[in-house]
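Which chain is which? The protein sequence lines are A and B, in order.
With the numbering used here, letter number 110 in the first sequence gets 125, and the count goes up by one each step, no holes.
With the numbering used here, letter number 51 in the second sequence gets 94, and the count goes up by one each step, no holes.
Note that the Cβ used here is the ideal one computed from N, Cα and C, for glycine as well.
Predicted model, so just to flag it, every value in this text is computed and none were measured.
I have placed the structure first, in the form of structure tokens, so that the comments after it can refer back to it.
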Amino acid sequence: DVKVTQSSRYLVKRTGEKVFLECVQDMDHENMFWYRQDPGLGLRLIYFSYDVKMKEKGDIPEGYSVSREKKERFSLILESASTNQTSMYLCASSPPGLAGVYEQYFGPGTRLTVT
Amino acid sequence: ELKVEQNPLFLSMQEGKNYTIYCNYSTTSDRLYWYRQDPGKSLESLFVLLSNGAVKQEGRLMASLDTKARLSTLHITAAVHDLSATYFCAVEQGGSEKLVFGKGTKLTVNP
Numbered sequence: 016d017v018k019v020t021q022s023s024r025y026l027v028k029r030t031g032e033k034v035f036l037e038c039v040q041d042m043d044h045e046n047m048f049w050y051r052q053d054p055g056l057g058l059r060l061i062y063f064s065y066d067v068k069m070k071e072k073g074d075i076p077e078g079y080s081v082s083r084e085k086k087e088r089f090s091l092i093l094e095s096a097s098t099n100q101t102s103m104y105l106c107a108s109s110p111p112g113l114a115g116v117y118e119q120y121f122g123p124g125t126r127l128t129v130t
Numbered sequence: 044e045l046k047v048e049q050n051p052l053f054l055s056m057q058e059g060k061n062y063t064i065y066c067n068y069s070t071t072s073d074r075l076y077w078y079r080q081d082p083g084k085s086l087e088s089l090f091v092l093l094s095n096g097a098v099k100q101e102g103r104l105m106a107s108l109d110t111k112a113r114l115s116t117l118h119i120t121a122a123v124h125d126l127s128a129t130y131f132c133a134v135e136q137g138g139s140e141k142l143v144f145g146k147g148t149k150l151t152v153n154p
């Protein structure tokens, strides 16, 4: 079974702090993703990575950066946390697209509160 | 730009009834995914639909894909309380690795 883990289930940070969210997958997947989920807005893609050290902006990258130094690990960084970044953050990974299938496997999520 | 719309966004139904959730998308795609999310939990894959006319069934849920109409349906048969969850459809964006998600349909099944 694919396993995607996230470093924290719940996190409370103060405005202006630098925040690191970690995601690890154990299935040797090339692709990894960070989403945020907000009520009424569904899932919105922040960044994704298709290989080590490779990244691409998603729909809402402002205020975020990412790091992928190893294939299994994808980190989301909030450079200076703000209250509007309070949200549920979901990490996902997908294999390289066997027969064009990019099914994504999700981690348990991190609920971040910025006060 | 690919847009994915689900309806209804909220669905309250009684046990034993049937209903359908619709997922429309705006540009050509042959791949569509359905996910389930329980409250406070993450997303769990339900179905992967890979071509026009694809139909998948598991238990009381059946999903289908009509790529010509750019429409997928998730049909619920004889609903039970355990099916209460939020259901998302997601469509591949232009053959890339990225998925675009609908806003989700929150299903509540009442006894």
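Query	Result
Under 8 angstroms between C-beta atoms of A/Val129 and A/Thr101	yes
Bridge-paired residues (DSSP) for A/Tyr50	A/Leu60, A/Leu105
Any C-beta of chain A under 8 angstroms from that of B/Gly145	yes
Candidates B/Glu101, B/Gly147, B/Lys84: closest to B/Tyr65 by CA position	B/Gly147
Buried versus exposed call for B/Tyr76 [16 or more other C-beta atoms within 10 Å across all chains shown]	buried
Chain-ordered neighbours of A/Gln119 on chain B, where CB pairs are closer than 7 angstroms	Leu142
Where A/Gln119 sits in the DSSP three-state scheme	coil
Nearest-angstrom Cβ-Cβ length linking A/Tyr117 and B/Glu140, presumed shorter than 8 angstroms	5 angstroms
Residue span of the beta strand (DSSP E) that contains A/Ile75, given as start and end	First-last for A/Ile75: undefined, no H or E at that position.
Cross-chain neighbours of A/Tyr65 in chain B, by beta carbon under 8 angstroms	Glu140
Secondary structure of B/Thr71, DSSP reduced to three states	coil
Where the beta strand (DSSP E) through B/Ala128 begins and ends	128-135
N-terminal and C-terminal residue of the beta strand (DSSP E) that A/Glu37 is part of	34-40
Euclidean distance between Cα positions of B/Val91 and B/Asp109	13 angstroms
Beta-carbon proximity check, B/Pro154 vs B/His124, cutoff 8 angstroms	yes
B/His118 (DSSP reduced to helix, strand or coil)	strand
C-beta contact flag for B/Arg74 and B/Tyr130 at 8 angstroms	no
Residue of A/Tyr65, A/Tyr50, A/Lys18, A/Gly55 minimising C-alpha distance to A/Met42	A/Lys18
Residues that A/Ser109 contacts on chain B, provided the C-beta gap is smaller than 8 angstroms	Glu140
Three-state class that DSSP yields for A/Thr98 in the structure shown	helix
N- and C-terminal bounds of the beta strand (DSSP E) containing B/Glu101	98-101
The beta strand (DSSP E) enclosing B/Asn61, as first and last residue numbers	Counting along the chain, B/Asn61 falls outside any beta strand (DSSP E), and DSSP gives it neither H nor E.
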